[in-house]
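Numbered continuously in the working numbering, the sequence shown closes out at residue 380.
Here the structure is laid out as structure tokens; the discussion comes afterwards.
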Amino acid sequence: MGIIPAKFWPYTNALRGKLRPRPDFDAVAEEIEILAPAEPAQPRRRALLPGMVDRIQKVVDMADPVRTLANVEAEHTPHMATRRLLLRDVLLLPRGISTRGGNLNWSDSVKRYQPTPGPLPELDEAYYLETHQGYRFFAHWLVGLATHQYVPPGATAFHRGNARWPHMALYRAVTGLGSAEQDVALVRRLQVIDELGFGTQRRRQMARMRARVHRWLADPSTAGDETAPDPATLARIGAGLAGRRVYLRRVNDGNFRREVADEEALCEALAREGFDIVDPATLDGEGVLRRLAGAAITVTIEGSHAAHCSFALPPGALLIPLIPCDRFTAINAVRAEAMDCQAGLVVVERAADGGYRVWLDDILRTIDLALTLR
7 MGIIPAKFWP YTNALRGKLR PRPDFDAVAE EIEILAPAEP AQPRRRALLP GMVDRIQKVV
67 DMADPVRTLA NVEAEHTPHM ATRRLLLRDV LLLPRGISTR GGNLNWSDSV KRYQPTPGPL
127 PELDEAYYLE THQGYRFFAH WLVGLATHQY VPPGATAFHR GNARWPHMAL YRAVTGLGSA
187 EQDVALVRRL QVIDELGFGT QRRRQMARMR ARVHRWLADP STAGDETAPD PATLARIGAG
247 LAGRRVYLRR VNDGNFRREV ADEEALCEAL AREGFDIVDP ATLDGEGVLR RLAGAAITVT
307 IEGSHAAHCS FALPPGALLI PLIPCDRFTA INAVRAEAMD CQAGLVVVER AADGGYRVWL
367 DDILRTIDLA LTLR
């Protein structure tokens, strides 16, 4: 294992990081295997009113501004390859990993790292499904459940998420997809699954997970059942498309606050247009899923809470994220399109008295435009 014990690698790598760039997974991988190839493009029917792109001031911190803006109006969505990378002798940390060559995927501070007293627990082999974004955002963790399809039965897999997320346990129970829970361990062979795109295999797996969620809503005794749902269950997923409309509110918990200015007035106006107002602050995870299931149109401020739509909305539904102009991302639109749904983008600007101003007319015109694109 070298002169420096593995438990001290985070410190030595932090010092090296001051002198040279941090390595990436490719640089330390012993093997790289393509599990699913890159795909050229997936056609989409994205509804985007004239002038919306002009409202964008800044993209989210972790996104490439040039690529993000270029993809907003593109008619097709390319998908990256899914890969397996083998790393040997890896120190697994609560929010990342450390190797002899560097700290990888780590979203914590070395100042908070405390070496484990005594010998490190060891694992011969494990699968690593975690991402930097998946430690921070519930939505990234949730769609990452689809990556479990590459884990062999009985293998140890790490997809830990954040214990503070209130709905994580529900999705684990419903899908039957769990995670090993060790905070720190020395893994001799770590199989990293790199899946950030939404290629055909990932879309199929997410569709199977959506079917599991809908089957569970119809029959809670099926929680954790990994068998394929019957055709009747799959057919029921499309029920309700005749016209149900939902406005999904967001619980502002202090993490990237996205408050809607005069939201009560907006909710009243939407209710007059036939929208069901769903407030996660007053519902548990099951309640949110039941209110979203089968909705033809869902409108919500951008955020991880919108990830519930990935496994609740039926194919053909329309999702309209209200995206802040100063932290733009189209990720929820991309997820909706990956689930055979349609997306409409409304960029919302800052209100003079705080929050983001949402105009009812923008929503209604986006709905009309989306319907003409079908």
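Glycine residues also receive a C-beta, built at the ideal position from the N, C-alpha and C atoms.
Remember, predicted model here, so these are calculated numbers, not experimental data.
Per DSSP, reduced to three states, the secondary structure at residue 165 is coil, with no helix or strand assignment. At least 8 Å separates the beta-carbon of residue 309 from that of residue 356. In the displayed model, residue 173 falls within coil according to three-state DSSP, outside both helix and strand.
By a beta-carbon distance limit of 8 Å, residue 373 does not contact residue 352. Their separation comes to about 10 Å. In chain order, 85, 86 place their CB closer than 6 Å to the CB of residue 203, counting only its own chain and leaving out the 5 sequence neighbours on each side. In the structure shown, residue 145 adopts helical secondary structure according to DSSP, grouped into three states. If you check the CB distance, residue 111 and residue 136 come in under 8 Å. Under DSSP, the beta-bridge partners assigned to residue 252 are 282, 304.
Of the candidates 60, 34, 144, the residue whose Cα lies closest to the Cα of residue 329 is 60.
Here the alpha carbons of residue 199 and residue 78 stand approximately 27 Å from one another. Shown here, residue 118 sits in a helix according to DSSP, grouped into three states. A buried status is given to residue 316, since no fewer than 16 other beta-carbon atoms sit within 10 Å of its beta-carbon. Bounds of any alpha helix (DSSP H) do not take in residue 191; it lies within the beta strand (DSSP E) bounded by 191 to 200. In the three-state reduction of the DSSP assignment, residue 104 falls in the strand class.
Residue 350 has 53 as its beta-bridge partners, per DSSP. Taking every protein chain shown into account, the CB of residue 13 has 16 or more other CB atoms within 10 angstroms, so this residue is buried. Rounded to the nearest whole angstrom, the C-alpha separation of residue 366 and residue 340 is 23 Å. The beta carbons of residue 215 and residue 181 sit about 6 Å from each other, so the pair counts as a contact at 8 Å. Rounded to whole angstroms, the separation of the alpha carbons of residue 142 and residue 172 is 14 Å. For residue 43, the closest alpha carbon among the candidates 266, 201, 30 is that of 201. A direct Cα-Cα distance of roughly 11 Å separates residue 123 from residue 190. Put simply, of 39, 230, 164 the residue whose alpha carbon is nearest the alpha carbon of residue 187 is 164.
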